[in-house]
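Here's the structure, in structure tokens; my notes come after.
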Amino acid sequence: MKTTTKATAFYNVFERKGGPHKETTHYCPGCGHGNVHKMIAEAMDDLGINDKTVFVSPVGCSVFGYYYFDCGNFQAAHGRAPAVATGIKRANPDSVVISYQGDGDLAAIGTAETLHAANRGENITVFFVNNAIYGMTGGQMAPTTLIEQKTATTPRGRVESEHGNPIKMAEIISTLPAATYVERVAIGNSKHIMKARKAIRKALKNQVENRGYSFVEILSVCPTGWKMDSPDARDWLTDQMIEAFPLGVYKDESSEREDGWYRDVKPFVPAELNKYFGVNAEADVAPVDLKKDLFCKFAGFGGQGILTMGLFLAQIGMRADHNVSWIPAYGPEMRGGTANCSVNVSNKRIGTPLVERPNVMVAMNLPSLEMFEKDVVDGGVILVDSGIVDKTPDTDRLDVVMIPATEIADEVGTPKVANVVMLGAMIAATDAYSLDFVSETLKVVVKKKNLIDMNLAALQRGYDFVKNGS
Amino acid sequence: MDTTVKKDSPFIEITGELCKGCKLCIDVCPKGVIAISDQLNSSSYHPAYYVGADCTGCTLCFYACPEPAAIKVFKP
Amino acid sequence: MSRQFMKGNDAIVVGALQAGCRAYYGYPITPASEIAHAASLHFPALGGTFIQAESEVAAINMVYGTAGMGIRTMTASSSPGFSLKQEGMSYLAGAELPCVVVNIQRGGPGLGNIAPEQADYFQVVKGGGHGNYRLITLAPNCAQEMCDLTSKAFDLADKWRNPACILADGFIGQMMEPVEVPEAKEIPFDHSDWCVRGDAETHKNLVSSIVLEPEDLEAHNFKLHKKYLEIQESEVLFEDYKTEDADLVVVAYGITSRVVYSTIDQARELGLKVGLLRPITLWPFPSEKLAELAADGTKKFLSVELSTGQMIEDVKLAVNGKCPVELYGRCGGVVPGGEELIQRYEEIMNGKPISDGGVR
């Protein structure tokens, strides 16, 4: 005896539904959701995927999909089911994820999520139940409402010039290269339903076989919203909706994509992470004394390596086991044609990373000098690229070093190392660290190893200029 | 409702309590062997019932029915 | 231990990965984009997932999907993008899904600018999305804390089955400091009883925030409320710098707390007995500590924020009228300097009118 009966992918009793009738759905008489649910449950049974299926219920009449399907269940925000499905599938690529959505959810509020999940070729299955109306909220216009169709918000019928046209999602999605299988089916009569069963099964089978994104649009009915009895609604679907939304396969590359869309992920293995980030690696620290805290402001044109100079100093301080911070100009300071950064190097915990009153200032152009000279503390060191700036700071108040850093750099090989010439001069002028220590650190922190020699030469030249005047 | 069916020929079972009276099964039945009851079920619907003979076991009523458990089809 | 020099934004990604975060979903926005850059580099290299989502809305809903699978996941953005995530945050809180969300605050309202502000305090600490819910909110003020508190946020999120937020600002995100990378350890939480993994063990579970019956939804809200009370009792973190004998207690978090910290000893040298109370958790807020400091009614309090006065409301609630509470707020990316603040301390402590410059 062959028995055709409720699929095991349905709960035996719909306990989550509550109320007295726990073996029937919450849907209105003649609603299409029940038919589609039955076809999905039957396909789940056939494919033996009940345990690994995760069903994402949308917002709309099928918000309670989780009442019925005996599998893992999610309920998603309106329109977001494909994004939620993406997060599910990426977390476990061996799960079978169903994004079940209505027309408002999929084709209005969730259009972006719909298109982009398809465009990424997520290995998921989307069932789009299109009944041309908003059911749950009381029969308003849907993006798929037909021209002339009356709804609660198109009381005179949908008009192209006012409301636009019914949107054809299967056609649109079929233009996306990553989508594997796109078909539109219907449930207007028994022939439609038998075709729909096949499409639904195929869309799920594709996912099980990692063939990628499958989209089945199912033209359905809303007897309540349409204000029709159930058989008339099926006839209206068959006679009217199919004309606006032609049935058929819009794209099918299923046969070419076996296992092509499996996106593997690895579990968390702490030891791998610790190795990757060098947690147990020996730290390259060579503690040296810092004679005085440095509160530095380095400023110049963008492209002069001002920020890099700050980074070098901070890393020198870090290797010396001092507290350091580096912060680029950010906010209002960025105006006025200067790139600048603040660097703190201190024996003590660093409070503000923003250097308000520098005791070391490097100015590599005139606007920088004019902007920041007044902020430098009395007796502070100020280094100016004398080849670029033809103005000398207040020598009574400040310890001034005028150095043609860019010209020296050019002699070394490229004006690009002017910042390192300046760094050498700054080290010499402040006696913060020994030249050897700075040189050793630069060898580690200069990323382009073929430029190390040139950087070291530039450093030496800047240092010598201050110490020896040459 | 006549429930005496011959077990050696196809038949359907409609659980009247689970039926919402939408008549879709009646619409699709090629043999016209499903009808609507005069009685109301506990949800106030007039449920469909099998008239008791001539079912071919085609299952069209099962798939037309939106309810998961209202109709069962048996085919020897 | 290896110290690495990194941006606060990069440190977030390191802290997340070391805590076992396996999936990052985000959308580019200044000044938070470095987080996505670092995530796109490291997550795939370690067998995790990185998706540049089509929108902030999609990103937070991808988080919802992965979080519901019991996998540690995160997203990060800056103020306007964070606003867009609010619907999803409400769903995550309602469904009690653990995850970490990061907000590197910038100037608002509207498009505002990309400079740092702290004007999302209300949005993050008081709600943002619809319904009764709370975000566990951590406020780092250095790169090391960007790393460590992100790791901690994952633990808190798992422990309480609640989203946790890292609320920082553009400065803390952009600045570079040495960071000791914490050791990755096994995650001591098992979510099998509620998560959906797409397997036999969890196939009866449901991830959802819908509770249809009024009495049931009330019960759900009461359950959440009880959880929030427990969090308030057990998870408060703050830093106390010289408040005990202070005449003026300055309350500040994030970048402003760094500026205030710099001023404390300077002000004391000038004879101004000032202390800093820095909330590390903004929710739960260190109300008890503030109440304790205010108990004898002898101190004054000052909230320094990059806003026109948001955190001050929580300071006032905690102080409960026992002491005067003043505000000094700057906006739009303007950060008060140390000298500017010390002048205000002096004015407040001497009962003089506060000079112009910020919001009072």
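Protein chains in written order, with the working numbering: chain V, 1 to 470; chain U, 1001 to 1076; chain B, 2001 to 2360.
Ideal placement from N, C-alpha and C gives every residue a C-beta, glycine not left out.
These numbers were taken from a predicted model, which means no experiment stands behind them.
Three-way DSSP call (helix, strand, coil) for residue i in this model
i: B/I2348; result: helix
i: V/I350; result: coil
i: V/S254; result: helix
i: B/A2076; result: strand
i: V/S439; result: helix
i: V/Q149; result: coil
i: B/Y2027; result: coil
i: V/E217; result: strand
i: B/S2262; result: helix
i: V/L398; result: coil
i: U/M1001; result: Unreliable positioning characterises U/M1001 in this predicted model, as indicated by a pLDDT of 46, which lies under 50. The coordinate reading is nonetheless provided below. DSSP places U/M1001 in coil when its eight states are reduced to three.
i: V/P231; result: helix
i: B/N2113; result: strand
i: V/K168; result: coil
i: V/Y67; result: helix
i: V/M141; result: strand
Proximity test, Cβ basis, 8 Å: residue i and chain V
i: U/F1074; result: yes
i: B/E2096; result: no
i: U/S1037; result: no
i: U/V1033; result: no
i: U/D1027; result: yes
i: B/N2205; result: yes
i: U/Y1050; result: no
i: B/S2159; result: The amino acid occupying residue 2159 of chain B in the given sequence is Lys; Ser does not appear at that position. Not closer than 8 Å to any Cβ of chain V, the Cβ of B/K2159 fails to qualify, so no.
i: U/L1024; result: yes
i: U/L1018; result: yes
i: B/G2088; result: yes
i: B/R2360; result: no
Contacts of residue i in chain U (Cβ-Cβ under 7 Å)
i: V/C31; result: P1066
i: V/K6; result: P1068 and A1069
Chain U within 8 Å of residue i, Cβ atoms only
i: V/S174; result: no
i: V/E15; result: no
i: V/K2; result: yes
i: V/F10; result: yes
Short CB-CB distance (under 8 Å) between residue i and chain B
i: V/C71; result: yes
i: V/M136; result: no
i: V/H116; result: yes
i: V/A63; result: The question names Ala, yet the displayed sequence has Val at residue 63 of chain V. For V/V63, the answer is yes, since a Cβ of chain B falls inside 8 Å of its Cβ.
i: V/E113; result: yes
i: V/A425; result: no
i: V/D94; result: yes
Under 7 Å from the C-beta of residue i: neighbouring residues of chain V
i: B/D2199; result: D51 and K52
i: U/G1021; result: P29
Under 9 Å by beta carbon: chain U residues contacting residue i
i: V/I193; result: V1028, L1060, Y1063 and A1064
i: V/N130; result: Under the 9 Å cutoff, chain U gives no residues; its nearest Cβ is about 16 Å from V/N130.
i: V/H37; result: P1066 and P1068
8 Å Cβ cut-off: residues of chain B touching residue i
i: V/E356; result: G2337, G2338 and E2339
Contact list for residue i against chain B, beta-carbon separation under 9 Å
i: V/K266; result: R2022, L2046, G2047 and G2048
i: V/I187; result: Ordered by position in chain B, no residue passes the 9 Å Cβ test against V/I187, which lies about 26 Å from the chain.
Proximal chain V residues relative to residue i, where beta-carbon distance stays under 9 Å
i: U/S983; result: For residue 983 of chain U there is no data in the structure shown, the boundaries of chain U being 1001 and 1076.
Cross-chain neighbours of residue i in chain V, by beta carbon under 8 Å
i: B/D2185; result: Checking the sequence, you will find Lys at residue 2185 of chain B rather than Asp. Those are P270, listed as they occur along chain V.
Contacts that residue i makes with chain B (C-beta to C-beta distance below 7 Å)
i: V/W226; result: The premise fails here: V/W226 is roughly 25 Å from chain B at the closest Cβ pair, so nothing lies under 7 Å.
Taking a cut of 7 Å between CB atoms, which residues from the stretch 2168-2181 of chain B lie near chain V?
G2170, F2171, Q2174, M2175, M2176, E2177, P2178 and V2181
With three or more beta-carbon pairs closer than 8 Å as the criterion, would you say the stretch 5-16 of chain V touches the stretch 59-77 of chain V?
yes
If you measure beta-carbon to beta-carbon, which residues of the stretch 272-297 of chain V are closer than 9 Å to chain B?
Against chain B - using a Cβ distance shorter than 9 Å - the residues of the stretch 272-297 of chain V are E272, L273, N274, Y276, F277, G278, V279, N280, A281, E282, A283, D284 and V285.
Which of the residues in the stretch 2052-2083 of chain B, read from start to end, lie with their CB under 9 Å from any CB of chain V?
A2053, E2054, S2055, V2057, A2058, A2059, I2060, N2061, M2062, V2063, Y2064, G2065, T2066, A2067, G2068, M2069, G2070, I2071, R2072 and T2073
Is the number of C-beta pairs between the stretch 200-218 of chain V and the stretch 116-135 of chain V that are closer than 8 Å three or more?
yes
Proximal residues, the stretch 2007-2024 of chain B versus chain V, C-beta separation under 8 Å
Flagged, chain order: V2014, L2017, Q2018, G2020, R2022 and A2023.
Positions along the stretch 76-92 of chain V whose CB lies within less than 9 Å of some CB in chain B
A76, A77, H78, G79, R80, A81, P82, A83, V84, A85, T86, G87, I88, K89, R90, A91 and N92
Listed from N- to C-terminal order along the chain, which residues in the stretch 2232-2263 of chain B have their beta-carbon within a distance smaller than 7 Å of any beta-carbon of chain V?
R2258, V2259, Y2261 and S2262
Stretch pair the stretch 448-468 of chain V + the stretch 1014-1029 of chain U: three plus CB contacts closer than 8 Å
no
At least three beta-carbon pairs within less than 8 Å, the stretch 2306-2319 of chain B to the stretch 2115-2123 of chain B:
yes
Could you run through the stretch 201-214 of chain V and flag, in chain order, every residue whose CB is less than 7 Å away from some CB of chain U?
Listed by position, the residues of the stretch 201-214 of chain V near chain U (Cβ gap below 7 Å) amount to none.
Output needed in chain order: residues of the stretch 341-353 of chain V with a Cβ under 7 Å from some Cβ in chain B.
G351, T352 and P353
Along the stretch 304-321 of chain V, what residues have a CB closer than 8 Å to any CB found in chain B?
L311, A314, Q315 and M318
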